[in-house]
Amino acid sequence: MDLTQQPSLAINIRPAKATEVDLLAAIELDAWRNGIKPLLPVLCAEVVEANNPFQPFVHACIEHILVAQLGDNIAGFAAREFNDNRITDLWVYSLFEGKGIATTLLMALEAEIQNAGYTTALITVTAQNTRAHQLYTHLDYKVIRKETRYDRALKTSLEKVDLGKIFETQI
Numbered sequence: 187m188d189l190t191q192q193p194s195l196a197i198n199i200r201p202a203k204a205t206e207v208d209l210l211a212a213i214e215l216d217a218w219r220n221g222i223k224p225l226l227p228v229l230c231a232e233v234v235e236a237n238n239p240f241q242p243f244v245h246a247c248i249e250h251i252l253v254a255q256l257g258d259n260i261a262g263f264a265a266r267e268f269n270d271n272r273i274t275d276l277w278v279y280s281l282f283e284g285k286g287i288a289t290t291l292l293m294a295l296e297a298e299i300q301n302a303g304y305t306t307a308l309i310t311v312t313a314q315n316t317r318a319h320q321l322y323t324h325l326d327y328k329v330i331r332k333e334t335r336y337d338r339a340l341k342t343s344l345e346k347v348d349l350g351k352i353f354e355t356q357i
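All residue numbers for the sequence shown refer to the working numbering, where the first residue is 187 and numbers rise by one.
Here's what the structure looks like:
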């Protein structure tokens, strides 16, 4: 599908449905291939490709996932795995990158976080994932800490950056 020829569509944010688990896991794998896979050792990347660890994650926290829909297409999703002020996942299907999906999802999660009474939002990114890091800093997230940590899902150590945003007003 040639998205450059499509009329501009509104981004609809809604809760994920249990019937979308496989599709959301496929979107996460696609986005992971573009953003994280190039940063990993080859063997680690091959294991992820073979096992798609994202499917069990999506299934386990489907109730805490917001989906971005563009027309009839699911363009991406974001999650707060533990339903607190930590944004654990934000993934956009590669065909829909650069269309404001990530920003719209992030703003929706920030509203949920504020409505739950939190005054800050937290997120962690891989340090070498410069596109994600730039997005968050552009949207007023500040670096809290930078350190090398073992990533359980990827089974390797990566340099991680913890970022936070203090909300100026409560919703």
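Just so it is clear, CB atoms sit at the ideal spot from N, CA and C, and this is done for glycine as well. These numbers come from a predicted model, not from an experiment.
- For residue 254 against residue 261, the beta-carbon gap comes to about 5 Å, under 8 Å, which counts as contact.
- In this model, residue 202 and residue 297 are separated by some 17 Å (Cα to Cα).
- Each residue's CA atom was taken as its position, placing residue 315 and residue 322 some 11 Å apart.
- Taking a cut-off of 8 Å for Cβ pairs, the region 239 to 257 and the region 195 to 211 touch, as three or more such pairs fall below it.
- In this structure the region 301 to 311 touches the region 346 to 353; the number of beta carbon pairs closer than 8 Å is three or more.
- Here the alpha carbon of residue 212 sits roughly 15 Å from the alpha carbon of residue 283.
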